[in-house]
Structure formats: structure tokens, C-alpha cells
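Structure first, commentary second.
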Amino acid sequence: MSLAKQHSLFAKDRSVTTSDGTHIAYTVSGEGAADDRAEGPKTPILFVNGWTCPDAYWVDIGPGVMKAGHPAVFMDSRGHGQSGLPRPAGFLARNLRSEDVSPERMAADVIEVLDDAGIDKAVLAGHSMGVQIIIEAARTHPERIAGLVPIAGTFENPVRTFADKAVLDSLYPIADVLFRFVPFEFLSPMMRRIASPRLGVRVVRLIKVAGPKVTAEHLAPHIAQISEVNFSVLWRMMSALRGHSTAADLPKIVAPTLVCAGRRDLFTPPSVQEKMAELIPDAEIVWFEDGGHMLPVEEPEGIVAAITEFLARRLQHAS
19 MSLAKQHSLF
29 AKDRSVTTSD
39 GTHIAYTVSG
49 EGAADDRAEG
59 PKTPILFVNG
69 WTCPDAYWVD
79 IGPGVMKAGH
89 PAVFMDSRGH
99 GQSGLPRPAG
109 FLARNLRSED
119 VSPERMAADV
129 IEVLDDAGID
139 KAVLAGHSMG
149 VQIIIEAART
159 HPERIAGLVP
169 IAGTFENPVR
179 TFADKAVLDS
189 LYPIADVLFR
199 FVPFEFLSPM
209 MRRIASPRLG
219 VRVVRLIKVA
229 GPKVTAEHLA
239 PHIAQISEVN
249 FSVLWRMMSA
259 LRGHSTAADL
269 PKIVAPTLVC
279 AGRRDLFTPP
289 SVQEKMAELI
299 PDAEIVWFED
309 GGHMLPVEEP
319 EGIVAAITEF
329 LARRLQHAS
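Under the working numbering, read the sequence shown as residues 19 to 337, first letter to last.
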């Protein structure tokens with residue numbers, strides 16, 4: 019079994035070749051799975067993963083929203099899992115341009131997946147990097163967005179607000195120059211030898227990314243994916259995220275928005291998520307007091323309850 023299959027929770031039985039020639043793998047699940055089908059089909063929810071993350075972060079959230087009657091779309095972001103890139107990256111990803119892995123391009127991928135799946139409008143749920151992507155999609159294609167669910171993510175440069183230490187953003191250009199010459203391609207074999215879910219749990223707890231609710235089982239698919247992704251590509255992706263901002267566009271968002279935020283999120287501090295909720299008209303925010311940046315696997319039951327209640331109330335109201 020390939021690593022791509024090991025870290026993919028939802029089998030990707032569909033694919034689309036996007037307008038720039040990139041293979042994007044996805045699946046649609048839970049069609050007609052409502053407990054009360056007399057209500058008719060509900061709005062699909064498309065899930066967008068975080069940076070380096072597989073779809074396993076939706077292990078409980080996906081089935082939860084499907085049980086409530088919402089079809090779910092799971093896609094591998096470009097450069098992750100079974101999705102590709104517009105061309106071979108080359109050594110140190112020298113064949114790629116910034117726009118090939120930008121939030122704008124990945125937001126276009128989301129819309130093209132919806133087109134290929136025959137879905138006119140969907141709720142977009144994103145985790146971490148996925149939040150920048152879904153907000154960008156709402157900016158460029160508001161007519162396709164039925165609702166937004168940002169989870170533990172930001173709407174602009176994630177480096178500047180990381181751990182509330184703005185100095186990291188000042189140092190980033192130096193690291194960017196240095197890392198252009200780091201052969202990240204050689205990391206994957208080493209990661210396969212030394213990385214393990216048990217070690218991963220200790221690391222994420224040490225750096226305060228996750229709390230005690232995160233287990234080795236939760237991390238296993240992520241560790242598998244990290245062991246195969248090209249970090250030269252991912253570094254270019256992070257640089258593109260750093261240059262991206264939709265702050266000026268948040269007040270123009272018309273889709274009902276539910277922000278899911280953890281009080282203990284080090285990567286995306288509560289102040290960032292609170293600001294996002296304040297800038298988006300009529301947005302609501304639900305706080306998870308013990309939640310960190312791995313919120314989807316830390317508080318899945320609470321997130322499912324919040325999403326399904328919010329959509330039942332606000333989508334009906336919006337219509």
C-alpha cells in the first residue's frame with residue numbers, strides 16, 4: 019500500500035485536471051445519508067486541509083456532518099497526498115513559480131473541484147492553511163459559497179501572528195534566502211526512518227501545538243504524509259501564504275460564517291480569529307477553551323454540533 023493511501027482517510031475516487039494542468043484528487047461522500055431524508059438534500063460541505071495535513075483531520079467531523087444530511091467533499095490540496103503540481107517541481111522546486119502554489123491558485127482548485135462534481139454552491143470548511151484558501155474562494159467566487167467555517171486559521175500572513183511573535187516575520191526573509199539552497203528532497207528518506215506517531219505526539223505537545231486529547235493514532239496519517247511531501251514545494255507554499263491577505267475583503271463577505279477557535283491555539287492566536295469574526299458581517303464564533311491548533315481532532319464532537327446547528331439556522335435564514 020502506498021503512503022498516499024495510508025494517510026488518506028477518504029478514498030479519492032474522483033479527480034479533475036485544473037485549468038493550469040494540475041491533477042487534483044477528491045471524493046464526494048454521504049450523498050443521501052441524512053437521518054431524516056424527508057427534509058431533502060442538504061448543502062454539501064467541502065473540506066480544505068491545512069499545510070502538510072491529510073484529510074484525516076476530518077476523521078470524526080466528516081461522518082458527523084454526513085449523518086446530519088450534508089454530503090461531504092474531501093480533496094487533497096495540490097502538492098499533498100494524491101494531488102499533483104502543474105509541472106515536475108525539479109530540484110529545490112526550481113521549476114515552480116509562486117503563483118503555482120499560492121492561496122489564489124488553491125482557491126481556484128476548490129472552485130474547479132465543485133465544477134467537476136456538479137455542485138453549484140457549497141459550504142467551505144477549512145483548517146489552518148485551508149482558512150486562507152476558503153476565504154480567498156469566497157472573495158473571488160461569492161456566488162458559489164453557501165457558507166464558511168474557518169477552523170483554527172487566519173485570513174492573512176500566518177508568520178506575522180505566529181505565537182504572537184512578530185519578530186519571526188522579520189526573520190523570515192533571511193530564512194527564505196537560506197532555504198532556497200537547502201535540499202529538502204533528502205528529508206523524506208530520513209523522516210521515514212525516524213518519524214513515528216509516538217514521537218510526533220511528544221513533539222506537538224512540547225511545542226504546544228496540541229493538548230492531551232491528541233493521540234498517536236490521530237497523528238499517524240499526518241506523520242505518513244510528512245514523510246513523503248516535498249518540503250521545497252511546501253516552503254514555497256508558505257512563502258505564498260505569507261504574502262497573502264484578505265483583510266480588506268472580510269467586510270464584503272456575504273456568506274454565513276462560523277469561526278471555530280481554540281483558546282490555546284499557538285499557531286493562530288485567539289486575537290487573530292476574534293478579529294476575523296469581527297470583520298466578517300454577522301459572523302459567529304464558537305470558542306473551545308482547551309482547544310489548540312489541532313482543533314479538528316481535539317474537539318470534533320463540539321465542532322460537528324456547532325456546524326450542524328449553525329447551518330440549520332443560518333442557511334434557512336439566508337434562503
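No residue lacks a Cβ here, since even glycine has one placed at the ideal position from N, Cα and C. Source: prediction; values computed, not measured.
Is N67 buried or exposed, if buried means 16 or more other CB atoms sit within 10 Å of its CB?
buried
Can you name the residues that DSSP bridges to H41?
According to DSSP, which records beta bridges pairwise, H41 is partnered with T35.
Using 8 Å for Cβ pairs, my map puts G310 next to R282. What's the rounded Cβ distance?
Contact between G310 and R282 holds: CB atoms are separated by about 5 Å, below the 8 Å threshold.
Where does P160 land, buried or exposed, given buried means 16+ other C-beta within 10 angstroms?
Exposed is the call here.
Please list, in chain order, all residues of the same chain as A234 whose beta carbon is under 6 Å from its beta carbon, the five residues on each side excluded.
Excluding positions up to five away in sequence, the list reads P215, R216 and V219.
In angstroms with no decimal places, state the Cα-to-Cα distance between L142 and L166.
5 Å
Report the CB separation of A155 from V128 in whole angstroms; it is logged as a contact under 8 Å.
5 Å
Return helix, strand or coil for A8, following the three-state DSSP convention.
Outside the shown range of the chain, which is 19 to 337, sits residue 8, and nothing can be said about it.
Of all the alpha helix (DSSP H) runs that stay within the bounds of the segment 116-147, which reach a length of 4 or more residues?
121-135
Using beta-carbon positions only, say whether V131 and V185 come within less than 8 Å of one another.
Between V131 and V185, the C-beta spacing is not below 8 Å.
My assumption, with CB atoms under 8 Å, is that V14 sits in contact with V315. Please give the rounded CB distance.
Only positions 19 to 337 of the chain appear in this structure, which leaves residue 14 out of reach.
Using three-state DSSP, classify S245 as helix, strand or coil.
Under the three-state reduction of DSSP, S245 is assigned to coil, being neither helix nor strand.
According to the Cβ coordinates, are H98 and T61 closer than 8 Å?
no
Have a look at S146, V34 and H41 and flag the residue whose alpha-carbon is nearest the alpha-carbon of T70.
It is S146 whose Cα lies nearest to the Cα of T70.
Taking C-alpha atoms, which residue in I151, L268, Y44 and C278 lies nearest to G102?
Y44
One question on the structure: do V227 and L276 come within less than 8 Å of each other, judged by their Cβ atoms?
no
Using only the alpha-carbon positions, how far apart do V272 and V200 sit?
43 Å
Can you give me the C-alpha to C-alpha distance between T179 and M294, rounded to a whole angstrom?
About 13 Å.
If we cut at 8 Å on Cβ distances, does H236 have a partner in chain B?
Among the protein chains of the structure shown there is no chain B, as only one such chain exists.
Indicate whether the contact test is met: 3 or more Cβ pairs, each with one atom in the segment 259-266 and one in the segment 168-178, closer than 8 Å.
yes
Check whether the Cβ atoms of P274 and L333 lie closer than 8 Å to each other.
yes
Whose C-alpha, out of D133, P288, F306 and I303, is nearest the C-alpha of R162?
The residue from D133, P288, F306 and I303 with its alpha-carbon nearest to that of R162 is D133.
Return the bridge partner residues of E174 from the DSSP annotation.
S263
Mind checking P106: buried by the 16 CB within 10 Å criterion, or exposed?
exposed
CB-CB under 6 Å to D187, same chain, minus the five flanking residues each way: which ones, in chain order?
V177 and R178
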